[in-house]
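Chains as they are written, first to last, in my numbering: chain A, 40 to 357; chain B, 12 to 314.
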């Protein structure tokens, strides 16, 4: 599912021969033969049709459908436009909406305020070329290769009311996944467990790209390790920081698998993504209404995707 | 590219003077990291441990105990949950999807990296952003579309794109293409342009420049991407959950949810099932960890 950029994460080192290649490339295009032109067109067109057809068109259609009262059954011609009524209903007469927004924000806050700084902190420690670094890195990264659905199951062994480790150790009878007062926190711990390793990897790559002479200069000036990090290293990693920010926002917005395997996003675990799904594949197929929820997700994510694209593309041209 | 990487690596290599006696700060650091690492591994180890014990034993002695070792949970889980079939379903979806993603993405990346025309940036943005959209935001039209598109019976017994492997493969490819285009185009941009000049002098067509000049040079990036994509598509849960109806056709990650009902009261079985599902990704991770690391260092030197 939803893992985001890993490999291209760091742009701190500029590409060697970027300027000459750009100039060279521009000249060649006119010299191409007919077959070559056809080949180039196909090479772009086939993947483009797939991505436009299966990603961008549906995204646009979602926005359009959010203005209708379509029930998903009748022909498209019978659709009635209802304007912003669906949005009005979502906000005002749909009880799970407010808890879902709160949970999504809580998810973001937990990943951003706790998991992300912790992952960064671990990356800084592991960047020091200490012995056993490989082992520590592997241990921390391991949860990232597991699916979030699976993580829901693995943590069930700890959280289960009757057979879980946590209750056995604490002598409590809490249903960690079932009790609507605590289950979001239990789930966030599991989600954070995975997120920390991911962030650590992104920052490890980022730290390797920081020019060592910067740190040496700071050390010569008598700067402490902490202040070197916050005043020199951290600002230099600006592109990585923005990528991590976007990754975190998008992960919190897209969060789905974990709550869906637990209880389909009900009873304390409401998330916008789960509400959309419930409205489409669940008992009640309310297309227009579900589309309004989906459009909200789409708009929020597009803001951050744009920020991301600007960051990576600017680094690209440098 | 390689010379830059080499010099940087040499710069950061620890100087011999680092062999100093263990300072207290180092001890604290190691204790802290070891504690975190053990804490991080614990949930996985706990699952393995639980899966190896009999339900009867843990029911009477509690889970915080030792004993009741058995492999029966694995046999039961394998049989009741029909893991063999579900693993095979995952293979049917993952292998074609990864190959197709890498092929299509490398085509686009090649054109973006090799030729400059005014849509380059827009194209790159279009692909990259597609990978970042929330899947649920596309669900409604896609769901409807898949139930409208017919397939011949030999391709799908539902005779629709909905509830067929083809549909899942396509949607995974469409979604993952963006990420691979982005990584590969960056990688290809760093290849020396002289290569193409030489190829042009030899009269190589665009296709040959792609297939015989560029692709072999991209092997490290392709290997790293293949590793990541196999993991991600194998782990994919959402699309299979909503675009599949027949339980028998679910890939293993999404079939987990069905197992939950069957294993409801038996955590030892749940853990055995979880371990079974995790094994392929763990094997890939441990065998190909270098690919992950190489992927990262490739990114760090941009290219």
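Where is the CB? At the ideal position from N, CA and C, for every residue including glycine.
By the neighbour-count criterion, in which 16 or more other beta carbons inside 10 Å mark a residue as buried, residue 290 of chain B falls on the exposed side. For residue 278 of chain A, the uninterrupted alpha helix (DSSP H) segment begins and ends at 277 to 293. If you draw a 10 Å sphere on the C-beta of residue 253 of chain A, you find fewer than 16 other C-beta atoms in it, and that means exposed. Among the residues of chain B, those whose CB is under 8 Å from the CB of residue 296 of chain A are 248 and 249, following chain order. Identification of residues in the stretch 218 to 247 of chain B having a C-beta nearer than 8 Å to some C-beta of chain A yields 218, 221, 232, 235, 236, 239, 242, 243, 245, 246 and 247, given in sequence order. The beta carbon of residue 78 of chain B sits closer than 8 Å to the beta carbons of 64, 68 and 72 from its chain, once the five residues preceding and following it are set aside; these are given in chain order. Closer than 9 Å to the CB of residue 330 of chain A there is at least one CB belonging to chain B.
Cβ atoms of residue 98 of chain A and residue 149 of chain B come within 8 Å of each other, at about 6 Å. In this structure the stretch 81 to 92 of chain B does not touch the stretch 157 to 173 of chain B; the number of beta carbon pairs closer than 8 Å is below three.
The stretch 219 to 262 of chain A contains, as complete alpha helix (DSSP H) runs of 4+ residues, the segments 222 to 247 and 251 to 259 (chain order).
With three or more CB-CB distances shorter than 8 Å, the stretch 284 to 291 of chain A counts as touching the stretch 332 to 343 of chain A. Residue 165 of chain A and residue 175 of chain A have their C-alpha atoms spaced approximately 8 Å apart.
For residue 341 of chain A, the nearest beta carbon of chain B is closer than 9 Å to its own beta carbon. Under the Cβ criterion of 9 Å, residue 177 of chain A is counted among the residues facing chain B. Taking residue 102 of chain A as the centre and dropping the five residues before and after it, the same chain places the C-beta of 330, 334 and 337 closer than 8 Å to its C-beta, in chain order.
DSSP places residue 177 of chain A in the helix class (H, G or I) of the three-state scheme. Burial is judged here by how many other beta carbons sit within 10 angstroms of a residue's own beta carbon; residue 223 of chain B has fewer than 16 and is exposed. Under the three-state reduction of DSSP, residue 77 of chain B is assigned to coil, being neither helix nor strand.
Per DSSP, residue 173 of chain B is not a residue of any alpha helix (DSSP H), being assigned neither H nor E. Residue environment analysis places residue 284 of chain B among the buried positions, since at least 16 neighbouring C-beta atoms fall within 10 angstroms of its C-beta. Contact annotation: in the stretch 65 to 94 of chain B, residues whose CB is within less than 7 Å of a CB in chain A are 73, 74 and 75. A Cβ-Cβ contact shorter than 9 Å links residue 183 of chain A with residue 236 of chain A. The criterion of a C-beta distance shorter than 9 Å is not satisfied by residue 145 of chain A and residue 228 of chain A. Residue-level contact by beta carbon holds for residue 336 of chain A and chain B, with a gap shorter than 9 Å. Within the stretch 145 to 160 of chain B, contact with chain A at the beta-carbon level (separation under 8 Å) is assigned to 145, 146, 147, 148, 149, 150, 151, 152, 153, 154, 155 and 156. If you check the CB distance, residue 113 of chain B and residue 191 of chain B come in under 9 Å. Between the C-alpha atoms of residue 117 of chain B and residue 347 of chain A there is a straight-line separation of about 22 Å.
Relative to residue 186 of chain B, the option among B:60, B:56, B:108 and B:267 whose CA is nearest is B:108.
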